[in-house]
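Heads up: the sequence lines are chains A and B, in that order. Heads up, this note's numbering is the position in the first sequence plus 1181, with the first residue counted as 1. Heads up, this note's numbering is the position in the second sequence plus 1181, with the first residue counted as 1. C-beta: ideal position from N, C-alpha, C; glycine also. Everything on this sheet refers to the single structure shown next.
2 protein chains.
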Amino acid sequence: MQTTVVTARLAEAAALLVRLMPGRPAFAAHAGVLLTADDDGIELAATDGELTARVRVPGFGHEPGAALVSRRGFAATTAAIDSAEIRLMAEGSRLAVRTPNARFALPLLDRVGYTPPAQPPAVVGTIDGGLLRSAAVPVAGAASQKDALPIFTAVRVRSEGDRLELVATDRFRMAMAAPAWSPAAPAGVDALVPAGFLAEAARQAAGSGDVAIHADGDRFGFSFGGISVFGHVLAQAFPDDQVRRLFLAEPEAEAGLDAGELAGAVERAALYAGARGRVSLQLGGGVIMVRGSDEQAGESEESVKATVRGGLISRTYQARYLLDALRGFTGGPVVLRMQAGIRPTVFARPEGADPRELRYLVVPLRLARDE
Amino acid sequence: MQTTVVTARLAEAAALLVRLMPGRPAFAAHAGVLLTADDDGIELAATDGELTARVRVPGFGHEPGAALVSRRGFAATTAAIDSAEIRLMAEGSRLAVRTPNARFALPLLDRVGYTPPAQPPAVVGTIDGGLLRSAAVPVAGAASQKDALPIFTAVRVRSEGDRLELVATDRFRMAMAAPAWSPAAPAGVDALVPAGFLAEAARQAAGSGDVAIHADGDRFGFSFGGISVFGHVLAQAFPDDQVRRLFLAEPEAEAGLDAGELAGAVERAALYAGARGRVSLQLGGGVIMVRGSDEQAGESEESVKATVRGGLISRTYQARYLLDALRGFTGGPVVLRMQAGIRPTVFARPEGADPRELRYLVVPLRLARDE
């Protein structure tokens, strides 16, 4: 194996694989990157048996071949080199990364028991990269990062005609989006996708125009601009109908305002919310009144102008859930709909103003008598 | 107490006090900021019995008075407010921070047993702020952050005529600088100053032209642009003469090159240095050869062009000590002088090229036979 590549492009590809793949796998070869050189360049691929990522980098191939080396070591080396081009060469038990005045020799990893990265499943449709990101990232943020039950760590991805529905919940809040996509296969998509993977892949895809969606019964993923990333889906049933009913709000009062302004006020109130992190919102009198209170921290009260419909009504929330909800709407208006008792409050853009159709539910806190 | 102040200036002053003062003192009032309002503005002061910092902020005083509140709470609140001006008002057991549409009420801290911040000691001379920073920060970096022996956590500050000598060591490396200053009192300075305090205060002073140096037998500090910061010195003897002798190098070989280029090569070699973090430098043949090697990580070898005098010679170092040493010379040339055996290697700018007169010693590693 021998190939000459532009350092910056190789470093970018190597860093992408490090970001996309989980941190410290138990099996050493799963921490590797498989480099496969041909006449036109090199492919970097990584897999841990669950998730697979592939990135192609153009180059000038002198001698085809393959090498499996540490992903982190390769990424750190290519990122640190300041020569414009580097040459990759297999040299005995090493992959040498060479510049005119330096040689970095990475040990080849043991490939016994290693199954090379798979090919992606078939393309089932396409979606705009920017739209995918703006829908998938806030929805994935509503999933739990460490719940014992897998469905609370995943995003439900299901196609309904020309809409791609994304839903996630950790029980305390729930998010749903339904961006447009272009189906290319009648089967569509019906999958439960790990939330962290979906969010990171969508972030990477954001700069690409058309992103291809790949799926079969067991796997789900994307490809865009020489990159493909896909993994196994979770084999669990998701309560689609129950979830959909939760989004049918019967508001007692609603308020429309700039999402960023409300988020700023909630952040300031959170400074006064103490360890419990509770912030209350009161609708009425043409404002949302945002309050925090804690024995140690003190008290805060701030009014933010809003278009309010319905009676005077107040709810208390975990500040960080409010901020997560509002983050999905920053840079534009948001409408809050408060419901009876502790039924969830719905956050959405004004009707018809959101190509993502993002809606976010936050469950208010049940307060003890003396609070 | 009632005062109107420009939010940004108040937030900056509050943040400065949080940075300058230690984190979590045992006594609650020591985590406070004492706000003292008069006709022309407000003074923010903090002390923990050891260290004292004072910052003056101009404002429009309506009613003089004082309030002691949480330093972190006050800094976080003023930083988060986006109104241009705020009003501070004493309201019963609270200090209210008010904007046109918000009120943030910080509880007053208990002042029982609290000794208000002291006044600084007398001025003994002045130094240029930029020069102070460029000398004090690299020297303070050679002190230990957690050694059991206080002298290894401090910077020796001693005036010698029109030079202010700064020295620090943690046993494994040592740094010395001797920038020019303008003495204003015959006693001069003779102090052992906590390194963390010196570095942070020098960073803050960097933007000011003339920085006044304050000292008496027990305390040392600076004042600049409405800010004063000073603290108790360590009551320990420093082995001045022994230290000075260490800097009298008898080089076996020396090399001159760009400090940043060598630092880059050392950083890359450190990727191949494994957990022990050892990197070797070999002088000879018009280059410095930089090498790292580790069973897991692999091997690296990089040559950096240099002006070398003396025979082929090689030494091994802790990579992070090399990088600390080189950081003090980034943006210009550095000369390395290697001495016999494990006598320290000296890093300095070429003769006469450094108004700070910074010199840095790093002790090479004693290697076992098989290395």
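Handout entry: Cβ-based neighbour list, residue 1245 of chain A, same chain, cut-off 6 Å, excluding 5 preceding and 5 following
Key = In the first sequence, residue 1245 of chain A corresponds to position 64, counting from 1. Closer than 6 Å at the Cβ level, and outside the excluded window around residue 1245 of chain A, lie 1218, 1219.
Practice task
Mind checking which residues open and close the beta strand (DSSP E) that includes residue 1242 of chain B?
Solution key: On the second sequence, position 61 is the one that residue 1242 of chain B refers to. Segment 1232 to 1244, the beta strand (DSSP E) holding residue 1242 of chain B.
Practice task
Give, in chain order, every unbroken run of the beta strand (DSSP E) that is at least 3 residues long and sits entirely within the region 1511 to 1545 of chain B.
Solution key: As for any beta strand (DSSP E) of minimum length 3 sitting wholly inside the region 1511 to 1545 of chain B, the runs are 1514 to 1519, 1526 to 1529, 1540 to 1543, ordered along the chain.
Problem - Cβ contact check for the region 1342 to 1359 of chain B and the region 1269 to 1277 of chain B: 3 or more pairs under 8 Å - result: no
Problem - Option in A:1535, A:1232, A:1542 with minimal Cα separation from residue 1375 of chain A - result: As a first step, residue 1375 of chain A must be located in the first sequence, where it is residue number 194. A:1232 is the residue among A:1535, A:1232, A:1542 whose C-alpha sits nearest the C-alpha of residue 1375 of chain A.
Handout entry: Option in B:1393, B:1484, B:1445, B:1420 with minimal Cα separation from residue 1463 of chain B
Key = Counting from 1 along the second sequence, the entry for residue 1463 of chain B is found at position 282. For residue 1463 of chain B, the nearest C-alpha among the options comes from B:1484.
Handout entry: C-beta neighbour in chain B for residue 1262 of chain A, strict 8 Å
Key = Taking the first residue of the first sequence as 1, we reach residue 1262 of chain A at position 81. So, interface residue.
Handout entry: N- and C-terminal bounds of the alpha helix (DSSP H) containing residue 1252 of chain B
Key = Numbered from its first residue, the second sequence carries residue 1252 of chain B at position 71. Unbroken alpha helix (DSSP H) run through residue 1252 of chain B: 1252 to 1261.
Exercise for the section: Decide if residue 1471 of chain A is buried, meaning its Cβ has at least 16 other Cβ atoms within 10 Å, or exposed. Expected result: Counting from 1 along the first sequence, the entry for residue 1471 of chain A is found at position 290. Residue 1471 of chain A comes out buried.
Problem - Partners in chain B for residue 1259 of chain A, counting only beta-carbon separations shorter than 8 Å - result: The residue you call residue 1259 of chain A lines up with position 78 of the first sequence. By Cβ distance, chain B contributes nothing, its closest Cβ being about 10 Å from residue 1259 of chain A, past 8 Å.
Handout entry: 7 Å Cβ cut-off: residues of chain B touching residue 1344 of chain A
Key = One-based indexing of the first sequence puts residue 1344 of chain A at position 163. Under the 7 Å cutoff, chain B gives no residues; its nearest Cβ is about 38 Å from residue 1344 of chain A.
Practice task
Answer yes or no: do residue 1226 of chain A and residue 1254 of chain B have a C-beta to C-beta separation smaller than 8 Å?
Solution key: By 1-based counting over the first sequence, the position of residue 1226 of chain A is 45. By 1-based counting over the second sequence, the position of residue 1254 of chain B is 73. Against a cut-off of 8 Å, the Cβ pair of residue 1254 of chain B and residue 1226 of chain A comes out as no contact.
Exercise for the section: Please name the residue, chosen from B:1209, B:1263, B:1540, that lies closest to residue 1295 of chain B on a Cα-to-Cα basis. Expected result: Taking the second sequence and counting its residues from 1, one reaches residue 1295 of chain B at position 114. The closest CA to that of residue 1295 of chain B, considering only B:1209, B:1263, B:1540, is found on B:1209.
Practice task
Have a look at residue 1421 of chain A and residue 1453 of chain A and give me their C-alpha separation to the nearest angstrom.
Solution key: For the purposes of this step, residue 1421 of chain A is taken as residue 240 along the first sequence, with counting starting at 1. For the purposes of this step, residue 1453 of chain A is taken as residue 272 along the first sequence, with counting starting at 1. One C-alpha to the other measures close to 38 Å.
Handout entry: Those runs of the beta strand (DSSP E) which lie wholly inside the region 1378 to 1454 of chain B and span at least 3 residues
Key = Annotation note: the region 1378 to 1454 of chain B contains the following uninterrupted beta strand (DSSP E) runs of length 3 or greater, listed N- to C-terminal: 1391 to 1396, 1400 to 1405, 1408 to 1413, 1434 to 1439.
Exercise for the section: Under 8 Å Cβ to Cβ from residue 1515 of chain A, same chain only, skipping five residues before and after it: list those, please. Expected result: The residue given as residue 1515 of chain A occupies position 334 in the first sequence. Once the five neighbours on either side are set aside, the close Cβ partners of residue 1515 of chain A are 1437, 1438, 1439, 1440, 1443, 1507, 1528, 1529, 1530.
Practice task
State yes or no: is the C-beta of residue 1305 of chain A within less than 8 Å of the C-beta of residue 1338 of chain A?
Solution key: Here residue 1305 of chain A corresponds to residue number 124 of the first sequence, with the count starting at 1. Here residue 1338 of chain A corresponds to residue number 157 of the first sequence, with the count starting at 1. No. Outside cutoff.
Practice task
Determine, using beta carbons only, whether residue 1275 of chain B comes closer than 8 Å to chain A.
Solution key: Taking the first residue of the second sequence as 1, we reach residue 1275 of chain B at position 94. For residue 1275 of chain B, the answer is yes, since a Cβ of chain A falls inside 8 Å of its Cβ.
Problem - Alpha-carbon spacing of residue 1480 of chain A relative to residue 1501 of chain A, whole angstroms - result: Looking up residue 1480 of chain A in the first sequence gives position 299. Looking up residue 1501 of chain A in the first sequence gives position 320. Approximately 18 Å, taken between the alpha carbons.
Practice task
Spell out whether any CB of chain A is found under 8 Å from the CB atom of residue 1484 of chain B.
Solution key: Counting from one through the second sequence, the residue named residue 1484 of chain B turns up at place 303. For residue 1484 of chain B, the nearest CB of chain A lies under 8 Å from its own CB, placing it at the interface with that chain.
Exercise for the section: Can you check DSSP and say which residues form a bridge with residue 1228 of chain A? Expected result: Taking the first sequence and counting its residues from 1, the one referred to as residue 1228 of chain A is at position 47. DSSP output for residue 1228 of chain A lists A:1233 as bridge partner(s).
Exercise for the section: Would you tell me roughly how many angstroms separate the C-alpha atoms of residue 1394 of chain A and residue 1307 of chain A, rounded to the nearest one? Expected result: Here residue 1394 of chain A corresponds to residue number 213 of the first sequence, with the count starting at 1. Here residue 1307 of chain A corresponds to residue number 126 of the first sequence, with the count starting at 1. When only Cα atoms are considered, residue 1394 of chain A and residue 1307 of chain A end up about 6 Å apart.
Exercise for the section: Over the uninterrupted alpha helix (DSSP H) stretch that includes residue 1505 of chain A, give me the two end residues. Expected result: As a working mapping, residue 1505 of chain A is identified with position 324 in the first sequence. Its alpha helix (DSSP H) spans residues 1500 to 1508.
Practice task
State the start and end residues of the unbroken beta strand (DSSP E) segment that holds residue 1288 of chain A.
Solution key: Counting from 1 along the first sequence, the entry for residue 1288 of chain A is found at position 107. Taken as a continuous stretch (DSSP letters only), the beta strand (DSSP E) holding residue 1288 of chain A covers 1283 to 1288.
Practice task
With residue 1297 of chain A as the anchor, note down where its beta strand (DSSP E) starts and where it stops.
Solution key: Mapped onto the first sequence, residue 1297 of chain A falls at position 116. First-last for residue 1297 of chain A: undefined, no H or E at that position.
Problem - Euclidean distance between Cα positions of residue 1262 of chain A and residue 1540 of chain B - result: Here the question's residue 1262 of chain A lines up with position 81 in the first sequence. Here the question's residue 1540 of chain B lines up with position 359 in the second sequence. Distance between the alpha carbons of residue 1262 of chain A and residue 1540 of chain B: 29 Å.
Practice task
Kindly indicate which residue of A:1494, A:1383, A:1364, A:1526 has the alpha-carbon position closest to the one of residue 1468 of chain A.
Solution key: Indexing the first sequence from 1 puts residue 1468 of chain A at position 287. Answer by Cα proximity: A:1494.
Exercise for the section: Quick one: measure Cβ to Cβ for residue 1410 of chain B and residue 1398 of chain B, integer angstroms, because I've assumed they're closer than 8 Å. Expected result: Here residue 1410 of chain B refers to the residue found at position 229 of the second sequence. Here residue 1398 of chain B refers to the residue found at position 217 of the second sequence. About 19 Å separates the two Cβ atoms, so there is no contact after all.
Handout entry: Minimum Cβ-Cβ distance from residue 1449 of chain B to chain A less than 8 Å
Key = Numbered from 1 along the second sequence, position 268 holds the residue referred to as residue 1449 of chain B. Output row for residue 1449 of chain B: interface = yes.
Problem - Among A:1368, A:1333, A:1353, A:1330, nearest to residue 1345 of chain A - alpha-carbon criterion - result: Start at 1 with the first residue of the first sequence, and residue 1345 of chain A comes out as number 164. Of the listed residues, the one whose Cα sits closest to residue 1345 of chain A is A:1368.
Exercise for the section: Name, going along the chain, the residues of the region 1225 to 1251 of chain A whose beta-carbon falls closer than 9 Å to a beta-carbon of chain B. Expected result: 1250, 1251
Practice task
Specify the secondary structure class of residue 1198 of chain B as computed by DSSP and reduced to three states.
Solution key: The count along the second sequence starts at 1 and reaches residue 1198 of chain B at position 17. Helix.
Handout entry: For residue 1457 of chain A and residue 1545 of chain A, the rounded distance between their alpha carbons
Key = Start at 1 with the first residue of the first sequence, and residue 1545 of chain A comes out as number 364. Start at 1 with the first residue of the first sequence, and residue 1457 of chain A comes out as number 276. Between residue 1545 of chain A and residue 1457 of chain A, the C-alpha separation is close to 14 Å.
Practice task
For residue 1520 of chain B, count neighbouring Cβ atoms within 10 angstroms of its own Cβ and tell me buried if that reaches 16, exposed if not.
Solution key: Locating residue 1520 of chain B in the second sequence gives position 339, counting from the first residue. So residue 1520 of chain B ends up on the buried side.
Exercise for the section: Could you name the residues that DSSP lists as bridge partners for residue 1184 of chain A? Expected result: Looking up residue 1184 of chain A in the first sequence gives position 3. Paired residues: A:1242, A:1269.
Practice task
Report the residue from A:1303, A:1348, A:1548 whose alpha carbon sits nearest the alpha carbon of residue 1425 of chain A.
Solution key: Here residue 1425 of chain A corresponds to residue number 244 of the first sequence, with the count starting at 1. It is A:1348.
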